[in-house]
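Order-wise, the sequence lines are chains A and B.
The numbering used here applies: residue 1 is where the first sequence begins, and numbers increase by one.
The numbering used here applies: residue 276 is where the second sequence begins, and numbers increase by one.
Cβ atoms here follow ideal geometry from the backbone N, Cα and C, with glycine treated the same way.
A short write-up of the structure that comes next.
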Amino acid sequence: MSVEELLERYTRRDKLPHIWCPGCGNGIIMGAVIRALDQAGVDQKKTVIVSGIGCSSRAPGYMKFDTLHTTHGRALAYATGVKLARPELKVVVLTGDGDCAAIGGNHLIHAARRNIDLTVVVFNNDIYGMTGGQYSPLTPQGSYATTAPYGTVDRNFDLCELVKAAGGTYVARGTTYHTRMLIDLISAGLGHKGFSFIEVVSQCPMYYGRKNKLTSAVAMLEWQKEHAVPVKAAAKLTPEQLKGKFVIGELHRQEAPEYTEVYANLVARARGEEK
Amino acid sequence: MANDRRAQLLSGNEACVRGALAAGVRFFAGYPITPSTEIAEGLAAALPKVGGTFIQMEDEIASMGAVIGASVAGAKAMTATSGPGFSLKQENIGFAAMAEVPCVIVDVQRYGPSTGLPTSPAQGDIMQARWGTHGDHPVIALMPSSVRETFDLTVEAFNLAEELRTPVILLLDEIVGHMRERVELPPDEEVHVVNRTKPVEGPETFQPYKPGPNLVPPMPAFGDGYHFHVTGLAHDESGFPTGRGQDADRLVRRLHAKIENRQPELARAEEWQLEDAQIVVVAAGSVARSARAAVREARERGIKAGLLRPITAWPFPEKAVREAARRAAPMIVAELNLGQIVREVERVSCGETKIVPLNRLDAELITPAEILERIQEVAAHVG
Numbered sequence: 001m002s003v004e005e006l007l008e009r010y011t012r013r014d015k016l017p018h019i020w021c022p023g024c025g026n027g028i029i030m031g032a033v034i035r036a037l038d039q040a041g042v043d044q045k046k047t048v049i050v051s052g053i054g055c056s057s058r059a060p061g062y063m064k065f066d067t068l069h070t071t072h073g074r075a076l077a078y079a080t081g082v083k084l085a086r087p088e089l090k091v092v093v094l095t096g097d098g099d100c101a102a103i104g105g106n107h108l109i110h111a112a113r114r115n116i117d118l119t120v121v122v123f124n125n126d127i128y129g130m131t132g133g134q135y136s137p138l139t140p141q142g143s144y145a146t147t148a149p150y151g152t153v154d155r156n157f158d159l160c161e162l163v164k165a166a167g168g169t170y171v172a173r174g175t176t177y178h179t180r181m182l183i184d185l186i187s188a189g190l191g192h193k194g195f196s197f198i199e200v201v202s203q204c205p206m207y208y209g210r211k212n213k214l215t216s217a218v219a220m221l222e223w224q225k226e227h228a229v230p231v232k233a234a235a236k237l238t239p240e241q242l243k244g245k246f247v248i249g250e251l252h253r254q255e256a257p258e259y260t261e262v263y264a265n266l267v268a269r270a271r272g273e274e275k
Numbered sequence: 276m277a278n279d280r281r282a283q284l285l286s287g288n289e290a291c292v293r294g295a296l297a298a299g300v301r302f303f304a305g306y307p308i309t310p311s312t313e314i315a316e317g318l319a320a321a322l323p324k325v326g327g328t329f330i331q332m333e334d335e336i337a338s339m340g341a342v343i344g345a346s347v348a349g350a351k352a353m354t355a356t357s358g359p360g361f362s363l364k365q366e367n368i369g370f371a372a373m374a375e376v377p378c379v380i381v382d383v384q385r386y387g388p389s390t391g392l393p394t395s396p397a398q399g400d401i402m403q404a405r406w407g408t409h410g411d412h413p414v415i416a417l418m419p420s421s422v423r424e425t426f427d428l429t430v431e432a433f434n435l436a437e438e439l440r441t442p443v444i445l446l447l448d449e450i451v452g453h454m455r456e457r458v459e460l461p462p463d464e465e466v467h468v469v470n471r472t473k474p475v476e477g478p479e480t481f482q483p484y485k486p487g488p489n490l491v492p493p494m495p496a497f498g499d500g501y502h503f504h505v506t507g508l509a510h511d512e513s514g515f516p517t518g519r520g521q522d523a524d525r526l527v528r529r530l531h532a533k534i535e536n537r538q539p540e541l542a543r544a545e546e547w548q549l550e551d552a553q554i555v556v557v558a559a560g561s562v563a564r565s566a567r568a569a570v571r572e573a574r575e576r577g578i579k580a581g582l583l584r585p586i587t588a589w590p591f592p593e594k595a596v597r598e599a600a601r602r603a604a605p606m607i608v609a610e611l612n613l614g615q616i617v618r619e620v621e622r623v624s625c626g627e628t629k630i631v632p633l634n635r636l637d638a639e640l641i642t643p644a645e646i647l648e649r650i651q652e653v654a655a656h657v658g
């Protein structure tokens with residue numbers, strides 16, 4: 001499908017252009033999500049996109065689906081309600097590193113634990129962009145932010161490891177540089193039955209970049225290219241060799257009972273007992 | 276679940292469960308907290324049997340979020356909590372008000388602030404029910420004082436939420452939630468049930484926040500093919516965010532008007548022995564039970580007392596209180612807090628009569644004897 005056809009079919013064109021800054025990675029991620037939805041062949045009428053608060057969470061407003069722009073950090077909680085009320089719907093959550101890992105961290109681990117059939121795409125730009133450049137739980141330790149004028153003291157999360165440990169059954173990491181891989185990773189997540197999670201390493205030249213001497217989007221994308229190591233290559237490297245790098249690709253996949261299916265069995269059992 | 280006419284012994288919380296089922300609840304998300312937990316337990320057992328869904332979420336905030344998500348997907352949805360949990364839910368209650376998502380929140384009030392005296396009775400959340408979430412928002416809060424009324428007002432809470440597309444709060448207190456009474460519940464077919472209005476228009480021209488009759492926009496469900504946007508941002512009739520102050524002004528005023536226009540029928544109070552009353556006791560929820568006994572006792576002693584019992588905490592029954600105040604009978608406002616209902620009584624009565632607060636804060640209920648004593652004190656002055 002051409003870009004024009006994709007835009008016509010999947011976006012609310014009257015809502016464009018978007019509000020994101022020049023050089024922001026969010027448009028690339030939204031484009032990848034749209035291409036992945038198309039590639040996975042989801043039923044547009046039966047797909048719901050849920051977001052929280054922040055730059056990332058404005059994406060659903062541009063997308064021609066049923067869209068729910070919720071409160072800060074709570075996208076997964078709302079999405080859980082949508083999915084449970086109508087399990088036949090495909091529910092996608094678009095969120096950011098602050099939204100999902102800080103204020104929404106509890107919902108993330110519990111949604112993963114339940115293995116409920118949601119596909120979560122995290123726009124990880126290492127910073128709170130909407131509020132003007134404060135550090136998030138994913139800001140690399142020692143980086144600068146408006147609230148870390150001397151560098152961050154906090155250690156940063158590996159969100160993929162967290163979700164894997166919490167019980168997520170599809171975990172992947174992509175970047176805004178490796179866009180074809182990103183589309184495939186999201187598409188595979190959409191096709192996976194259970195809690196699927198894709199972290200997207202993205203760039204915020206406006207706030208993270210300016211504070212950390214990465215002055216252009218191109219420089220930040222080049223940083224991604226130089227520091228990302230595909231899963232297969234990473235398997236051959238020692239922890240020492242991987243220091244300072246990050247692994248991209250499908251990191252974890254596991255088959256496990258999906259929450260709404262298990263609940264449907266419970267309903268059948270409860271109704272059977274009634275007879 | 277079919278109700279039969281035989282008398283049953285039920286608690287307020289159990290009656291709430293029965294009322295929710297009669298009203299057609301299909302989704303409950305909650306988090307354990309005394310003294311509301313029996314509502315979650317009851318629905319955990321009952322909902323699967325009617326094909327509904329129960330989930331115990333990771334916290335109170337998530338419960339409220341899940342309820343809103345389920346409602347947007349078309350389910351009649353509710354949660355139940357108590358003081359501290361009610362505080363945690365407030366942000367998302369504001370979302371439901373702003374995005375006009377029907378839902379019912381039960382708050383079984385307990386002693387606060389903070390963890391307080393778990394889980395002794397109080398009526399300390401009356402103002403939280405009104406002003407708990409930030410910004411100007413309308414609210415409906417119902418305050419039953421018996422087990423049967425808890426059933427009826429739970430049904431009504433769902434009906435109002437669905438009809439007006441708004442969160443509705445059912446404000447129990449620990450005494451009403453936990454006390455048991457003999458009740459006869461109506462069979463399901465005799466329960467009046469309201470469902471939200473779905474759009475008649477097709478998706479092409481549909482404006483999700485274009486008000487219909489009564490200023491309430493029709494509401495499709497996610498998955499119906501309308502591709503609509505729901506946000507807590509100020510939005511115009513298309514449902515999309517607007518940066519324009521005039522649009523926000525129009526929206527927030529409409530949100531208020533859709534409920535305020537209904538004030539005459541919505542705002543309700545029970546008036547008992549008020550016609551010739553020289554002293555009026557104002558009391559709601561469990562306190563109204565003691566107040567009724569005190570009024571009866573006072574009358575037996577020749578004091579013309581009466582009871583004015585707010586059934587809706589919000590909208591506050593202004594007309595009934597104002598009329599009582601105009602008769603210039605002193606008003607004793609009895610409540611299990613340091614004075615919340617009394618502020619509304621003072622505001623509405625505009626200094627037309629003497630107002631005597633009666634408050635208790637030692638985690639015990641207000642007894643009929645205490646209210647009677649206060650009636651006698653006031654009567655001595657009146658006489």
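| query | result |
| --- | --- |
| Same chain only: Cβ atoms within 7 Å of B:E619, ignoring 5 sequence neighbours per side | F591 |
| Collapsed DSSP secondary structure at B:T472 in the structure displayed | coil |
| Partner residues on chain B for A:H107, Cβ-Cβ distance less than 7 Å | E333, A337 |
| A:K275, DSSP secondary structure in three states | At A:K275 the pLDDT is 42, less than 50, meaning the model places this residue with poor confidence and gives no usable figure here. |
| Alpha carbon of A:Y170 to alpha carbon of B:E610, nearest angstrom | 54 Å |
| C-beta atoms of B:V430 and B:M454 nearer than 8 Å | no |
| Listed by chain order, chain A residues near B:H502 by CB distance under 7 Å | K64, F65, D66 |
| Contacts that B:F370 makes with chain A (C-beta to C-beta distance below 8 Å) | T70, T71 |
| Continuous beta strand (DSSP E) assignments of at least 3 residues falling wholly in the stretch 221–267 of chain A | 228–230, 246–253 |
| Three-way DSSP call (helix, strand, coil) for A:Y285 in this model | The question about residue 285 of chain A has no answer here: the residues shown for chain A are numbered 1 through 275. |
| Residues in the stretch 356–382 of chain B having any Cβ partner in chain A nearer than 9 Å | E366, N367, G369, F370, A374 |
| Runs of beta strand (DSSP E) wholly within the stretch 450–538 of chain B (minimum 3 residues, chain order) | 455–458, 504–506 |
| Neighbouring residues, chain A, relative to B:F497 (Cβ below 8 Å) | V48, D66, L68, V82, R86, L89 |
| For A:G174, the residue or residues it bridges with in DSSP | A:V200 |
| Any chain B beta carbon closer than 8 Å to A:Y177 | no |
| B:T517: contacting residues in chain A (beta-carbon distance under 9 Å) | Per Cβ cutoff of 9 Å: no residues; B:T517 is ~12 Å from chain A at best. |
| Chain-ordered chain B contacts of A:R13 [CB-CB under 8 Å] | Within chain B, no residue comes near A:R13; the closest Cβ sits about 13 Å away, beyond 8 Å. |
| Alpha-carbon spacing of A:Q39 relative to A:S187, whole angstroms | 6 Å |
| B:L583 beta carbon less than 8 Å from that of B:A599 | yes |
| Span separating the alpha-carbon of A:E274 from that of B:V325 | Low local confidence applies: a pLDDT of 46 at A:E274 is under 50, so the model's placement there is unreliable, and no value is given. |
| Straight-line gap, B:T480 to B:P474 (C-alpha atoms, nearest Å) | 11 Å |
| C-alpha gap between A:G194 and B:I330, whole angstroms | 17 Å |
| Sub-8 Å separation of A:S51 and A:L118 beta-carbons | no |
| Validate contact between the stretch 454–467 of chain B and the stretch 290–305 of chain B using beta carbons, cut 8 Å, 3 pairs | yes |
| Best match in A:T238, A:L89, A:H252 for proximity to A:C160 [C-alpha to C-alpha] | A:H252 |
| C-beta contact flag for A:D99 and A:I53 at 8 Å | yes |
| Exposed unless 16 or more other CB atoms sit within 10 angstroms - verdict on A:G272 | exposed |
| Integer-rounded CB distance, given that B:M402 should sit under 8 Å from B:Q615 | 5 Å |
| Own chain, CB closer than 8 Å to B:A523, minus 5 neighbours either side, in chain order | A509, T517 |
| Under 9 Å from the C-beta of A:A345: neighbouring residues of chain B | With chain A running from 1 to 275 in the structure shown, residue 345 of chain A is simply not present. |
| CB contact below 8 Å: B:I314 versus chain A | no |
| Residue ranges of each alpha helix (DSSP H) within the stretch 567–641 of chain B, 4 or longer | 593–601, 616–624 |
| Close beta carbons around A:F197, own chain, < 6 Å, minus the five adjacent residues each side | V120, V163, G168, V171 |
| A:N125 beta carbon less than 8 Å from that of A:S2 | no |
| Inter-residue spacing [alpha-carbon to alpha-carbon] between B:S338 and A:L185 | 30 Å |
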